[in-house]
Each structure stands twice: as C-alpha cells, then as structure tokens.
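Chains as they are written, first to last, in the working numbering: chain A, 830 to 997; chain B, 3 to 167. Note that CB positions come from ideal geometry on N, CA and C, so glycine has one too. Computed from a predicted model, the values in this text were never measured in an experiment. The block underneath contains the structure these notes are about, expressed in structure tokens.
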Amino acid sequence: MDGDTYRLAVLAHKNRVFGYAVRLLADRDDARDVAQEALVRLWEHREKVPEVATARAWLLKTAHRLCVDRVRASAWEEEPEQLALAVDPTARSPEATASSRQLGEVLSATLGAMAPRDRAVLLLRDVEGLSYEECAEVLEVPLGTLKAILHRARERARLRLSAAGVTP
Amino acid sequence: MSQLDFTCALCRRRLQERLDGTLGERERSELEAHLTGCAECRTDAEGLSSLVSALGELPELEFPDAELEAVWSRTISPPRHRAPRWPVAVSAAAALLVAGLFAFERRDTEGEPTPTELAQAKADLELVTQLTQHALRVTQRGAVDAALHQAVNPALQQVPLFRRN
Numbered sequence: 830m831d832g833d834t835y836r837l838a839v840l841a842h843k844n845r846v847f848g849y850a851v852r853l854l855a856d857r858d859d860a861r862d863v864a865q866e867a868l869v870r871l872w873e874h875r876e877k878v879p880e881v882a883t884a885r886a887w888l889l890k891t892a893h894r895l896c897v898d899r900v901r902a903s904a905w906e907e908e909p910e911q912l913a914l915a916v917d918p919t920a921r922s923p924e925a926t927a928s929s930r931q932l933g934e935v936l937s938a939t940l941g942a943m944a945p946r947d948r949a950v951l952l953l954r955d956v957e958g959l960s961y962e963e964c965a966e967v968l969e970v971p972l973g974t975l976k977a978i979l980h981r982a983r984e985r986a987r988l989r990l991s992a993a994g995v996t997p
Numbered sequence: 003m004s005q006l007d008f009t010c011a012l013c014r015r016r017l018q019e020r021l022d023g024t025l026g027e028r029e030r031s032e033l034e035a036h037l038t039g040c041a042e043c044r045t046d047a048e049g050l051s052s053l054v055s056a057l058g059e060l061p062e063l064e065f066p067d068a069e070l071e072a073v074w075s076r077t078i079s080p081p082r083h084r085a086p087r088w089p090v091a092v093s094a095a096a097a098l099l100v101a102g103l104f105a106f107e108r109r110d111t112e113g114e115p116t117p118t119e120l121a122q123a124k125a126d127l128e129l130v131t132q133l134t135q136h137a138l139r140v141t142q143r144g145a146v147d148a149a150l151h152q153a154v155n156p157a158l159q160q161v162p163l164f165r166r167n
C-alpha cells in the first residue's frame with residue numbers, strides 16, 4: 830500500500846472505525862484515541878494490507894483489539910449494570926417507534942446495556958456487515974461459537990427492545 | 003418438552019439461520035408453515051428481522067477532523083501543510099525572474115558585457131530556471147492535493163464501496 834492508497838483507505842474507512850469504537854466503548858474520547866491509533870497502525874503495517882477494500886476488516890480487527898485492552902477482562906462478558914436502564918422512557922410511547930432517530934437512540938442505549946462481547950458481535954455482523962469468517966477472526970473464536978454468540982446476542986437485543994416497548 | 007415447545011425452539015433457531023442466509027428450501031417451507039400457525043413466533047420473527055434491519059441503518063459517526071489531521075501528521079504529510087507553500091514558491095521564482103531580467107537590461111545599456119558578467123548572467127538564469135521548475139512542481143502537487151481534499155475525497159464518501167459493503 831503506497832501513500833495514495835493509504836490516504837484513500839483512511840478516508841474510506843475512518844468513520845466506520847470510529848463508529849465501531851464509539852459504540853463498543855460507549856466513550857467518545859477513548860474511541861477517538863482508538864480510531865486514531867488503528868489508522869496509524871495501518872500505515873505502519875501497510876505491507877500486509879495492499880488494498881483499500883481489505884483495509885476495512887484489518888482496521889476493525891485492530892480497533893477491536895485496542896478496545897479490548899481498554900475494557901477490563903472480567904467485564905468483557907458482563908452486562909454493565911449502570912447502563913441497564915439507559916433506554917429513554919419517552920421512547921416507549923407508540924409515537925417513538927415511528928421516529929428512526931429515536932429508534933437509533935434506543936438501539937444505541939440497548940447496545941450500551943449489553944455485555945461488550947455481545948455488543949461487539951452485533952456491531953461487526955449487523956452494523957458493519959463483516960462476513961462470519963471475518964467476525965470470527967476479529968473475536969478470535971471458532972465459526973460455530975461465533976454463530977452461537979451472534980444468535981444469543983440478537984435474541985437478547987430483541988428481548989430488551991421488546992421489554993422497553995419498542996418494536997424496530 | 004411438548005411438541006409445540008420443540009417446534010417453537012426449532013423455529014427460533016431457523017429464524018436466525020434465515021437471517022444468516024443459510025436456510026435450505028425445505029427448512030424454509032417448514033418455518034413458513036410454523037409461522038403461519040404460531041402468532042408468538044411470528045411476533046418474534048418480525049422483531050428479529052426488524053432489529054437486524056435497524057442495526058444496519060444506524061447512522062455513520064463522523065471521525066473528527068482534528069483527529070484526522072493527527073493521523074496525517076503521524077503518517078503521511080497532510081495536504082493542508084503543503085498547500086500554503088506553493089503561492090510562496092511561485093512568488094519567489096517570479097521575483098527572481100524579474101530581478102534577473104532587470105539586471106540583464108541594465109547591463110545592456112552599459113555596452114558589451116564582460117565575460118565575467120556573461121558567466122554571472124548565465125548562472126543567474128540557470129538558478130531562475132531551476133526555481134521556476136521547482137515552483138511549477140510544487141504548484142502541481144498543491145493543486146492535486148487541493149483537488150483531492152476539496153472535490154475527490156468528498157465525492158468518494160458518496161461511493162457505496164467506500165461507505166460500507
């Protein structure tokens with residue numbers, strides 16, 4: 830990857846990397862640091878990533894590892910208690926389901942209330958659109974385990990939204 | 003576990019497989035048949051597919067410009083740092099060119115130039131030529147950077163390939 834390709838890759842993927850870090854860490858300051866570091870590391874490892882298209886999975890994997898370093902190991906599979914009630918009560922009204930902006934806020938709150946690993950798999954697969962193989966590589970789990978984690982996370986998210994009275 | 007429980011449990015697994023795109027034709031027919039007769043599973047199915055659609059439509063978050071500048075400064079030179087240099091380089095070359103021409107004109111009015119003056123004039127002309135060529139190169143790079151920054155990059159953001167797959 831030369832300088833021009835690197836520049837294109839950064840411009841093409843910077844928002845995805847930043848968005849992933851923001852939603853996984855639920856902290857914009859930490860997410861800024863993570864995204865910047867991931868983008869710089871792409872330059873440092875440019876021989877391994879020849880094309881703009883392949884840079885996305887590489888960047889998300891790097892960002893994920895940087896995020897994991899910032900989350901306590903013991904908290905990786907726990908649901909954060911302080912965020913469990915983060916769903917905006919006003920979004921429970923029937924009118925709220927009609928607003929995509931409010932739905933986005935409720936979804937973000939729902940993601941924030943989930944265990945980081947569940948959040949990560951939903952973000953990688955259903956938000957970022959990585960393949961199952963790419964998701965498994967990022968999370969460093971076998972393909973079968975990845976599917977089990979993904980299915981459970983989707984079901985938990987659906988139940989949370991349902992309990993909040995929100996139908997996407 | 004009753005037959006109904008088993009069927010609903012299997013249905014939930016099949017719903018996920020349908021989202022994954024790994025469901026065969028026969029399993030799909032069985033699933034549809036079950037959904038037709040089970041209101042609870044139908045509600046779950048709608049909730050699950052709506053959840054996945056809504057996740058895919060979450061808005062893109064903008065990486066702050068200040069952070070992007072920091073990335074450029076830690077990796078490759080940012081366009082904005084080079085852009086201000088080219089008007090300066092062009093002005094410097096133009097000033098030297100005018101000074102050189104003025105000096106030539108002065109010499110011309112004072113009779114035939116000496117060999118030393120001719121050699122000096124040749125050296126001056128060579129310097130002006132080199133500076134002009136350098137200014138043109140810098141100008142070209144600056145113009146390309148400016149075009150990339152102002153037109154090409156924003157346009158690339160509209161290309162689906164670069165937004166997301």
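task: Please report the Cβ distance between A/LEU952 and A/LEU888, rounded to the nearest whole angstrom; I am assuming they are in contact, meaning their Cβ atoms lie under 8 Å.
output: About 14 Å separates the two Cβ atoms, so there is no contact after all.
message: By the 7 Å beta-carbon criterion, what residues does the segment 862-873 of chain A contribute toward chain B?
response: Hits within the stretch, in order: ALA864, GLN865, LEU868, VAL869, TRP872.
message: Using only the alpha-carbon positions, how far apart do B/SER75 and B/ALA68 sit?
response: 11 Å
task: Could you tell me whether the Cβ of A/LYS890 comes closer than 7 Å to any Cβ of chain E?
output: Protein chains A and B are contained in the structure displayed, whereas chain E is not.
message: Please list, in chain order, the chain B residues whose beta carbon lies closer than 8 Å to that of A/HIS980.
response: ARG15, GLN18
task: For B/ALA72, go through chain A and note every residue whose CB falls closer than 8 Å to its CB, in chain order.
output: GLN865
query: In terms of alpha-carbon separation, which member of A/ALA944, A/VAL839, A/GLU876 lies closest to A/ARG885?
result: A/VAL839
task: Using a Cβ-Cβ cut-off of 7 Å, state whether A/LEU936 counts as contacting chain B.
output: yes
query: Considering only C-alpha positions, which residue in the set A/ARG981, A/ALA938, A/GLY994, A/LEU972 is nearest to B/LEU60?
result: A/ALA938
query: When the Cα of A/VAL878 is compared with those of A/ASP858, A/GLU866, A/MET830, which residue comes out closest?
result: A/MET830
- request: Give me the Cα-Cα distance between A/LEU988 and A/ALA867, rounded to the nearest whole angstrom.
  value: 34 Å
- request: Identify, in the order they occur along the chain, each residue of the same chain with its Cβ nearer than 6 Å to the Cβ of B/CYS10, setting aside the five sequence neighbours on each side.
  value: CYS43
message: Out of B/ILE78, B/ALA35, B/LEU63, B/ALA148, which one is the CA nearest neighbour of A/GLY832?
response: Ranking the options by Cα distance to A/GLY832, first place goes to B/ILE78.
- prompt: Exposed or buried, what is B/ALA35 when buried is set at 16 or more other beta-carbons lying within 10 Å of its beta-carbon?
  reply: Counting the other Cβ atoms within 10 Å of the Cβ of B/ALA35 gives fewer than 16, which makes it exposed.
message: Taking the straight line between their C-alpha atoms, what separation do you get for B/ASP46 and A/ALA992?
response: 13 Å
- prompt: Taking the continuous alpha helix (DSSP H) assigned at B/GLY58, which residues delimit it?
  reply: First-last of the alpha helix (DSSP H) with B/GLY58: 41-58.
query: Sorted by chain position, which residues of the same chain lie with C-beta nearer than 7 Å to A/THR849's C-beta, five sequence neighbours on each side aside?
result: Note on residue identity: the sequence assigns Tyr, not Thr, to residue 849 of chain A. Contacts found: LEU889, ALA892, LEU952, GLU957.
message: Closest to A/ARG981 by C-alpha separation, out of A/ALA965, A/VAL950, A/LEU968, A/PRO971, would be which residue?
response: The shortest C-alpha separation from A/ARG981 is found at A/VAL950.
message: Taking the alpha-carbon of A/ALA944 as reference, which of A/ARG894, A/ASP858, A/ARG901, A/ARG845 has the nearest alpha-carbon?
response: A/ARG901
query: Given a threshold of 16 other Cβ atoms within 10 Å of its Cβ, counted over all protein chains shown, does A/LYS976 qualify as buried or as exposed?
result: buried
Cut-off 7 Å between Cβ atoms - residues of its own chain near A/ARG985, not counting five sequence neighbours on either side: MET943, ASP947
- request: Under the assumption that A/ALA855 contacts A/VAL881 (Cβ atoms under 8 Å), give the Cβ distance between them as a whole number of angstroms.
  value: A/ALA855 to A/VAL881, Cβ: 29 Å. No contact.
query: In chain A, what lies closer than 9 Å to B/GLU34 by C-beta?
result: Ordered by position in chain A, no residue passes the 9 Å Cβ test against B/GLU34, which lies about 20 Å from the chain.
message: Helix, strand or coil, according to DSSP, for A/PHE847 in the structure here?
response: DSSP places A/PHE847 in helix when its eight states are reduced to three.
task: Just mark B/GLN142 as buried or exposed, buried being the case when its beta carbon has 16 or more other beta carbons within 10 Å.
output: exposed
task: Kindly indicate which residue of B/ASP22, B/ARG16, B/LEU57, B/THR38 has the alpha-carbon position closest to the one of B/ARG30.
output: B/ARG16
field: Endpoints, the alpha helix (DSSP H) within which A/SER991 is located
entry: 972-992
- prompt: Under three-state DSSP, which class holds A/ALA942?
  reply: coil
Bounding residues of the alpha helix (DSSP H) (the contiguous stretch that carries A/THR883): 881-899
message: At the level of alpha carbons, what is the spacing between B/GLU64 and B/LEU57?
response: 17 Å
- prompt: Counting along the chain, where does the alpha helix (DSSP H) carrying A/ASP952 start and finish?
  reply: It should be pointed out that residue 952 of chain A corresponds to Leu in this sequence rather than to Asp. Careful: A/LEU952 lies outside any alpha helix (DSSP H) and carries neither H nor E.
task: Output yes if chain A places a C-beta closer than 7 Å to the C-beta of B/LEU63; else output no.
output: yes
field: Partner residues on chain B for A/ASP856, Cβ-Cβ distance less than 8 Å
entry: Within chain B, no residue has its beta carbon less than 8 Å from that of A/ASP856; the closest one is some 13 Å off.
message: Taking the straight line between their C-alpha atoms, what separation do you get for A/LEU837 and B/GLU71?
response: 14 Å
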